[in-house]
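For reference, the structure discussed in these notes is given below.
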Amino acid sequence: MTYAVSEIRSAGKPRRQRLSHAAIEPWLYLSPAIILLVVVLLVPLVIGISYSFRKFSAFKSEYVGLGQYQAMLSDQVLGQALVNTLWWTVASLFSQFFLGLGLALLLDKPFRGRKAVQALVFLPWAVPSFLSGLTWAWLFNPIIGPLPHWLFALGLKAEPTNVLSDPATAMWGPIVANIWFGIPFFAITLLAALKSIPSELHEAAAIDGASPWQRFTKVTLPFLAPTIAITVMLRTIWIATFADLIFVMTEGGPAGSTNTVPVYIYVSAFKSLDKGYASAVAVLLLVLLIAYAIALIGIRRTLVRHV
1 MTYAVSEIRS
11 AGKPRRQRLS
21 HAAIEPWLYL
31 SPAIILLVVV
41 LLVPLVIGIS
51 YSFRKFSAFK
61 SEYVGLGQYQ
71 AMLSDQVLGQ
81 ALVNTLWWTV
91 ASLFSQFFLG
101 LGLALLLDKP
111 FRGRKAVQAL
121 VFLPWAVPSF
131 LSGLTWAWLF
141 NPIIGPLPHW
151 LFALGLKAEP
161 TNVLSDPATA
171 MWGPIVANIW
181 FGIPFFAITL
191 LAALKSIPSE
201 LHEAAAIDGA
211 SPWQRFTKVT
221 LPFLAPTIAI
231 TVMLRTIWIA
241 TFADLIFVMT
251 EGGPAGSTNT
261 VPVYIYVSAF
271 KSLDKGYASA
281 VAVLLLVLLI
291 AYAIALIGIR
301 RTLVRHV
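In terms of the UniProt record's numbering, the sequence shown opens at residue 1 and continues consecutively.
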């Protein structure tokens, strides 16, 4: 009897070992990626959040608790930057999405020269954002650029002046540049989603007498909905944290009319050398974007549940 019990125990031990090895093995494979994410993302995030509780001077820093966050409540420049960021993000995202969707629908149809058109559509995404900013700043320059003269010829401006030098119109310069820069992202992703829709569904809808608009709203859009949700969320976050184009074209001016939160963070950290306050503003932007992502995911789940 004792021998039988010991045999059962010895047989059970390798099985437990195999189960433990099976549980640990996936984490061993994932460990390089996990270590990289911790070092590249988590550690800088924790350090940045810790900086937001400190006040930095030239040679020392001191703990100020929530002092940096309290200072944000009375910062009018930050308030204007939040408004500018909202306008910059919404205008850029709206135009990029609908123009990208239109290009994706166009490129989904066979026509002569489609490959050449695809190359031209995807070209802006391959251009570095710094170079894009310089190019568009040159285009809006009335001395060496053509755009002010075209706007004057079309009657949209009283004279060929620089759009970027007028506080009332300065934000339109980076927005136009960002639209041109971001359209390929939506065109590429939505075109890939369109290619995955079975052609039999469109053929069956056409046989049933559905119009092109009905086929688009009843067949195409439901299949595109998951891709639209994730691309809109990602692109919103990228635009809201995108400072390259604005800083290269206007540096947040004139008179703060193009000063967005990322530009304000950069200026506070590297020009004013106030790393603590810049970190606090960055934490505020992080919280706002997390809240936006949670809300969008919740809305998507609600829509999927009712479809």
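Built from N, CA and C at the ideal position, the CB exists for glycine as well. Everything numeric in this text was worked out from a predicted model, so none of it was measured.
Subject >> alpha helix (DSSP H) segment containing Phe270, residue limits >> reply: Val261 to Phe270
**OP:** Measure the alpha-carbon distance for residue 309 versus Ile237 and round it to whole angstroms.
**Re:** Because the chain is modelled from 1 through 307, residue 309 falls outside the range shown and cannot be assessed.
**OP:** Any chance you could list the alpha helix (DSSP H) runs of at least 4 consecutive residues sitting entirely within the segment 97-185, in chain order?
**Re:** 114-126, 129-139 and 147-153
Original post:
Smallest Cα separation from Phe97: which of Gly209, Ala204 and Ile179?
Top reply: Ile179
**OP:** Take Asp274 as the anchor and find which of Ile24, Pro26, Ile34 and Gly48 has the nearest alpha-carbon.
**Re:** Gly48
Original post:
Ser61 by DSSP, collapsed to three states: which one?
Top reply: DSSP, reduced to helix, strand and coil, places Ser61 within a strand of the structure shown.
Original post:
Under 8 Å between the Cβ atoms of Leu103 and Ile183?
Top reply: yes
Original post:
CA-CA distance, Phe56 and Tyr63?
Top reply: 9 Å
Original post:
Are the segment 239-247 and the segment 60-80 touching by the rule of at least three beta carbon pairs closer than 8 Å?
Top reply: no
**OP:** Enumerate in chain order the residues of its own chain whose CB-to-CB distance from Lys218 is below 8 Å, with the five nearest sequence positions on each side excluded.
**Re:** Residues Ala205 and Ala210 of the same chain have their beta carbon placed closer than 8 Å to that of Lys218, with the five preceding and five following residues left out of the count.
Subject >> Contacting residues, own chain, Cβ-Cβ under 8 Å from Gly65 (five flanking each side not counted) >> reply: Phe53
Subject >> Those residues which DSSP pairs with Phe56 across a bridge >> reply: Paired residue(s): Ser61.
Original post:
Among residues of its own chain, excluding the 5 on either side of Ala278, which ones have a beta-carbon nearer than 6 Å to its beta-carbon?
Top reply: Ile265, Ser268 and Ala269
Subject >> Same chain only: Cβ atoms within 8 Å of Pro146, ignoring 5 sequence neighbours per side >> reply: Leu139
**OP:** Have a look at Thr260, Glu159 and Leu123 and flag the residue whose alpha-carbon is nearest the alpha-carbon of Ala187.
**Re:** Leu123
**OP:** Return the chain-ordered list of same chain residues with a C-beta closer than 8 Å to the C-beta of Ala168, the five sequence neighbours on each side being excluded.
**Re:** Ser257
Original post:
Which value, in whole angstroms, describes the spacing of the CA atoms of Gln214 and Gln80?
Top reply: 43 Å
Subject >> Beta-carbon proximity check, Pro174 vs Thr250, cutoff 8 Å >> reply: yes
Subject >> N- and C-terminal bounds of the alpha helix (DSSP H) containing Ser199 >> reply: Ser199 to Ile207
**OP:** Report the option in Gln76, Ile297, Trp87 and Leu201 whose CA atom is closest to the CA atom of Met171.
**Re:** Met171 has its Cα closest to that of Trp87, out of Gln76, Ile297, Trp87 and Leu201.
Original post:
So, is residue 314 buried or exposed, given that buried needs 16 or more other C-beta atoms within 10 angstroms?
Top reply: This structure cannot speak to residue 314, because the chain is shown only from 1 to 307.
Original post:
Under three-state DSSP, which class holds Phe242?
Top reply: The three-state secondary structure of Phe242, taken from DSSP, is coil.
**OP:** Give me the Cβ distance between Gln118 and Leu107, rounded to the nearest whole Å; I'm assuming they're in contact under 8 Å.
**Re:** 6 Å
**OP:** Measure the beta-carbon distance from Ala193 to Leu224 and round it to whole angstroms, keeping in mind my assumption that it falls under 8 Å.
**Re:** Taking 8 Å as the upper bound for CB-CB distance, Ala193 and Leu224 are in contact here, some 5 Å apart.
**OP:** Could you give the DSSP three-state label for Phe66: helix, strand or coil?
**Re:** Here residue 66 is Leu; the residue named in the question, Phe, does not match the sequence. Judged by DSSP in its simplified three-state form, Leu66 adopts coil rather than helix or strand.
Original post:
Thr236 by DSSP, collapsed to three states: which one?
Top reply: helix
Original post:
What is the DSSP secondary structure of Gly252, counted as helix, strand or coil?
Top reply: coil
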